[in-house]
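So the protein lines, in turn, are chains L and P.
Here the first sequence is numbered in my numbering, starting from 69 and rising by one per residue.
Here the second sequence is numbered in my numbering, starting from 61 and rising by one per residue.
Take a look at the structure below.
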Amino acid sequence: MRESTLLRVDDLALHYQTRRGVVRAVDGVSFELRRNEALVVLGESGCGKSSLAKLLMRVLPRNIHHTGGRVTLGETELGTLSDERFRREVQWSRMAMVMQASMNALNPVVKVGQQVAEPLRVLRGWSRARALARAAEVFTLVGISTDFMTRYPFELSGGMRQRAVLAMALVAEPELVILDEPTSALDVLTQASIMNALKRVKRELGTSFILITHDVATSSELADRVALMYAGQLVEVADAGDFFNEPAHPYSRMLMASVPRLRQRQRPEAIPGQPPSLFDPPGGCRFAERCPHRFARCARDPESIRIGERRRVSCWLFGDDRRDHGGRTEGGGT
Amino acid sequence: MNDSPMAPPPGRGMLRDLRHMLLYAGKRLLALLFTVLVGVYLTIIIANMGGQVDELRLVQIRSQASEAVRADPAFQDLTPTERNELIARQVSQEVERLRLDQPFVVRSVDYLQRAMRLDLGRAEQMHSDRGSREVYDIIVERLPATLLLFGSANLLVFFVSVFAALFLSRRYGSALDRSVIALAPTSAAPGWFYGIFLILVFAFVVPVLPAGGMVTAPPPADRWEYAASVLRHMLLPLLAMFLSSIFISIYSWRTFFLIHSSEDYVEMARAKGLPSNLIERRYILRPTLSPIITSFLLMLIGLWSGAIILEQVFNWPGLGSLLFQAIGHRDTPVIIGGVVIFAYLLAVTVFLLDILYALLDPRVRIEGGRR
């Protein structure tokens, strides 16, 4: 819709078939991402964040029950591409991914430099020397000495491995990089330096990022936009500043209230209750059960309601028609 | 190996690798030699029943000597005392020859020395078909038959199952996959069990193949006819062994590949958009090559012991039945000879494996040398 929309996701769904029934891991997710923008997808464990990432990259497990929705990258409607064309034309060259548990994402018996250069050699048919020279560039970009290119993964520390995986994601200069919990296994200092590397990459290469995380504090460093996911659905999508300062959806507010902050007297508060099971989730608003502002209308599936230019919230509190809303307590931001 | 343009001083990494390798190989060689030594010595003690066999041997020598003296007409007119003296002299000669007068501990060390030098000595009762009493000749005569049959059966099972398993792991949950899993329990029955049925069907009900033996009697003079005859005789035992192990083997390799194809780096390779044959080669087979080669080599040396019952059922002149007979006859030198050769084969294989691991897996090569 805007001049520089890079990725457009409409009503995306991914349901798994399991022995206990169908799991609706991703259930009607829509968002947009502009070029050179970083979207942070926030959410608790098991809310479907990683499934969303895997669905976008088409690296899915075997037990798929149903997928649906439209994904448009630039001008390309990805759903129309066969697996083979997707692999040749989109995967890694236009859209790359840093997986969760990327500590083990490197082949233990192949030298790190070779692995980083591999996509160029295989997908673009570059010569070994050319691919390695390019790999050396991205090594420098993400802040690892090129000496480590001739090392094996087990000779690298966790932080360096993470950077090497990041280098691998950037090597083919993709327009979009999806990062699935890229720093959650690392110590705070390493986390910070990797976030800095990401910021530098974003600034220098103009890459767009989707950063999937449960870590509110770290994500705020990079985020331009925030999408909050709950039980397979996006409950709020907003600019980062707006989201962090004035969360709108009751879940957003409670989530922000649960994050401890420096120089603040207020004690962080936990959100009571548990997210609903994704086996056969309840109808209506999925957060209703834990929501202090619940009212009659919440029994109906909430619409995605636009607030201002750049914010969408799936909550009836923001509906035009609030007649049947009982005792709503005003509780905007802080 | 260090072929990247920005490798730190070229060749230094290679030199480092080489030094680590040599150090590592040397250490392993010493450890293995010691292992063989201990293994062989234990066998010597056990096969001699800790010296008990010597007592039996002494009794045997005595009775043989007195039999011989009594049966010999030349000694008919000796007085009983003279005769007993003669017998005692003969016994003590034999005891001296066999050095039975020395304590077992001393002789066991002597045995060990000879065994380690592969000087296997003479059999006590058994002999080769050509009449030799040398343990070496007896074993070597049986070796080709065992290697031929068990070698081809195991190679066939190994390669068929690895490739079938790779194929199935890609089609996890398909009808083919499920039927192979369902067939896996057929391996509960041993090869000779299938052998009996195969003989019944193909040698008697529909007599198209020979029931046993390795070659027709008399053996054909022409080399090609001989080979064809051996091949016809091999077919049933080969099939029996194949049937009894193929499904469980496919099943276990399939599970192995399934586990390794869900490694994070394999998923990463998929996300990288690499073609699936490359993923299979570089991300599944290559990192798991060490265990695959291990099981391959262990299978190869497992051939050494043959298979006792299967050889009996098919009347196959292999090592399994030889060792079985040797145990029955308490023919210690043959038993020890068999074990010594096996110990050496095992040690050589393990050494080879250690070197291969180091070549295949940088974690072993670099860490192992550093320690």
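From the three backbone atoms N, C-alpha and C, an ideal C-beta is built for every residue, glycine too.
Cβ-Cβ separation, residue j to residue i (assumed contact under 8 Å), whole Å
{"i": "valine 184 of chain L", "j": "valine 206 of chain L", "result": "7 Å"}
{"i": "glycine 351 of chain L", "j": "valine 94 of chain L", "result": "Incorrect: roughly 18 Å between the Cβ atoms, too far for contact."}
{"i": "histidine 91 of chain L", "j": "phenylalanine 347 of chain L", "result": "The sequence shown places valine at residue 91 of chain L, rather than the histidine named in the question. That belief holds up - the Cβ atoms of valine 91 of chain L and phenylalanine 347 of chain L are roughly 6 Å apart, short of 8 Å."}
{"i": "tryptophan 160 of chain L", "j": "lysine 87 of chain P", "result": "The pair is not a contact, with the Cβ atoms about 43 Å apart (cut-off 8 Å)."}
{"i": "leucine 215 of chain P", "j": "phenylalanine 317 of chain P", "result": "Not a contact, Cβ separation roughly 20 Å."}
{"i": "phenylalanine 222 of chain L", "j": "proline 176 of chain L", "result": "6 Å"}
{"i": "valine 100 of chain P", "j": "valine 400 of chain P", "result": "5 Å"}
{"i": "leucine 128 of chain L", "j": "arginine 162 of chain L", "result": "That pair is no contact at about 19 Å."}
{"i": "glycine 255 of chain P", "j": "leucine 208 of chain P", "result": "Not confirmed; about 17 Å, so no contact."}
{"i": "threonine 275 of chain L", "j": "isoleucine 262 of chain L", "result": "That belief does not hold up - the Cβ atoms of threonine 275 of chain L and isoleucine 262 of chain L are roughly 15 Å apart, past 8 Å."}
{"i": "alanine 164 of chain L", "j": "alanine 291 of chain L", "result": "Not a contact, Cβ separation roughly 19 Å."}
N-terminal and C-terminal residue of the beta strand (DSSP E) that residue i is part of
{"i": "valine 119 of chain P", "result": "Element bounds for valine 119 of chain P: not the beta strand (DSSP E) but the alpha helix (DSSP H), 112 to 131."}
{"i": "valine 239 of chain L", "result": "Here valine 239 of chain L belongs to no beta strand (DSSP E), and DSSP marks it neither H nor E."}
{"i": "aspartate 248 of chain L", "result": "244 to 248"}
{"i": "glycine 136 of chain L", "result": "132 to 141"}
{"i": "serine 276 of chain L", "result": "276 to 281"}
{"i": "glutamate 100 of chain L", "result": "89 to 102"}
{"i": "histidine 406 of chain L", "result": "Residue 406 of chain L lies beyond the range of chain L shown here (69 to 402); nothing can be said about it."}
{"i": "glutamine 301 of chain L", "result": "301 to 307"}
{"i": "tyrosine 298 of chain L", "result": "293 to 298"}
{"i": "valine 381 of chain L", "result": "379 to 381"}
{"i": "methionine 163 of chain L", "result": "163 to 166"}
Opening and closing residue of the alpha helix (DSSP H) in which residue i lies
{"i": "glutamine 183 of chain L", "result": "180 to 192"}
{"i": "phenylalanine 406 of chain L", "result": "Nothing about residue 406 of chain L can be reported from this structure: the residues present for chain L run from 69 to 402 only."}
{"i": "glycine 111 of chain L", "result": "It is not in any alpha helix (DSSP H) - glycine 111 of chain L instead sits in the beta strand (DSSP E) that spans 106 to 111."}
{"i": "isoleucine 199 of chain P", "result": "195 to 230"}
{"i": "arginine 149 of chain P", "result": "140 to 158"}
Any C-beta of chain L under 8 Å from that of residue i
{"i": "arginine 79 of chain P", "result": "no"}
{"i": "lysine 87 of chain P", "result": "no"}
{"i": "glutamate 323 of chain P", "result": "yes"}
{"i": "proline 69 of chain P", "result": "Since pLDDT at proline 69 of chain P reaches only 47, below the 50 mark, its modelled position is unreliable, and the value read off the structure follows with that caveat. For proline 69 of chain P, the answer is no, since every Cβ of chain L falls outside 8 Å of its Cβ."}
{"i": "asparagine 62 of chain P", "result": "With a pLDDT of 41 at asparagine 62 of chain P, under the threshold of 50, the modelled position of that residue is not reliable, and the figure given next carries that caveat. It does: the Cβ of asparagine 62 of chain P has a partner Cβ on chain L nearer than 8 Å."}
{"i": "methionine 359 of chain P", "result": "no"}
{"i": "alanine 407 of chain P", "result": "no"}
{"i": "proline 422 of chain P", "result": "yes"}
{"i": "leucine 334 of chain P", "result": "yes"}
{"i": "glutamate 340 of chain P", "result": "no"}
{"i": "methionine 328 of chain P", "result": "yes"}
{"i": "glycine 429 of chain P", "result": "Note on glycine 429 of chain P: pLDDT 47, under 50, position unreliable in the model; no value is reported."}
{"i": "tyrosine 101 of chain P", "result": "no"}
{"i": "arginine 346 of chain P", "result": "yes"}
{"i": "alanine 331 of chain P", "result": "yes"}
{"i": "methionine 74 of chain P", "result": "no"}
{"i": "tyrosine 343 of chain P", "result": "yes"}
{"i": "leucine 412 of chain P", "result": "no"}
Option in the options with minimal Cα separation from residue i
{"i": "isoleucine 104 of chain P", "options": "P:Leu172, P:Ala287, P:Ser123", "result": "P:Leu172"}
{"i": "histidine 187 of chain P", "options": "P:Val424, P:Arg177, P:Val200, P:Met294", "result": "P:Val200"}
{"i": "serine 372 of chain L", "options": "L:Leu74, L:His83, L:Leu82, L:Phe99", "result": "L:Phe99"}
{"i": "leucine 412 of chain P", "options": "P:Leu357, P:Thr276, P:Leu158", "result": "P:Leu357"}
{"i": "valine 158 of chain L", "options": "L:Asp283, L:Met125, L:Gln182, L:Thr135", "result": "L:Met125"}
{"i": "arginine 362 of chain L", "options": "L:Arg378, L:Gln332, L:Gly376, L:His317", "result": "L:His317"}
{"i": "isoleucine 375 of chain L", "options": "L:Gln342, L:Glu314, L:Ile262", "result": "L:Glu314"}
{"i": "glutamate 337 of chain L", "options": "L:Pro344, L:Arg331, L:Ser326", "result": "L:Ser326"}
{"i": "arginine 189 of chain L", "options": "L:Gln332, L:Val210, L:Thr218, L:Arg156", "result": "L:Arg156"}
{"i": "tryptophan 313 of chain P", "options": "P:Trp376, P:Ala235, P:Arg230", "result": "P:Arg230"}
{"i": "isoleucine 198 of chain P", "options": "P:Phe374, P:Phe210, P:Gly181, P:Ser212", "result": "P:Gly181"}
{"i": "alanine 253 of chain L", "options": "L:Arg268, L:Arg229, L:Leu273", "result": "L:Arg229"}
{"i": "serine 126 of chain P", "options": "P:Ser152, P:Val98, P:Met109", "result": "P:Ser152"}
Below-8 Å beta-carbon distance, residue i vs any chain P residue
{"i": "valine 97 of chain L", "result": "no"}
{"i": "tyrosine 220 of chain L", "result": "yes"}
{"i": "methionine 125 of chain L", "result": "yes"}
{"i": "arginine 155 of chain L", "result": "yes"}
{"i": "glutamine 159 of chain L", "result": "yes"}
{"i": "alanine 173 of chain L", "result": "yes"}
{"i": "proline 242 of chain L", "result": "no"}
{"i": "methionine 167 of chain L", "result": "yes"}
{"i": "proline 250 of chain L", "result": "no"}
{"i": "arginine 130 of chain L", "result": "yes"}
{"i": "valine 109 of chain L", "result": "no"}
Cβ-heavy atom distance, residue i to the ligand MG, below 7 Å
{"i": "isoleucine 280 of chain L", "result": "The ligand MG is absent from the structure shown, which contains no ligands of any kind."}
Review point. Going along the chain, which residues of the region 227 to 259 of chain P sit with their C-beta nearer than 9 Å to a C-beta in chain L?
Key: Tyr232, Gly233
**Study point:** Within 8 Å of chain P by C-beta, residues of the region 182 to 214 of chain L in sequence order
**Key:** Gln182, Glu186, Pro187, Val190, Leu191, Arg196, Ala197, Leu200, Ala201, Ala204, Thr214
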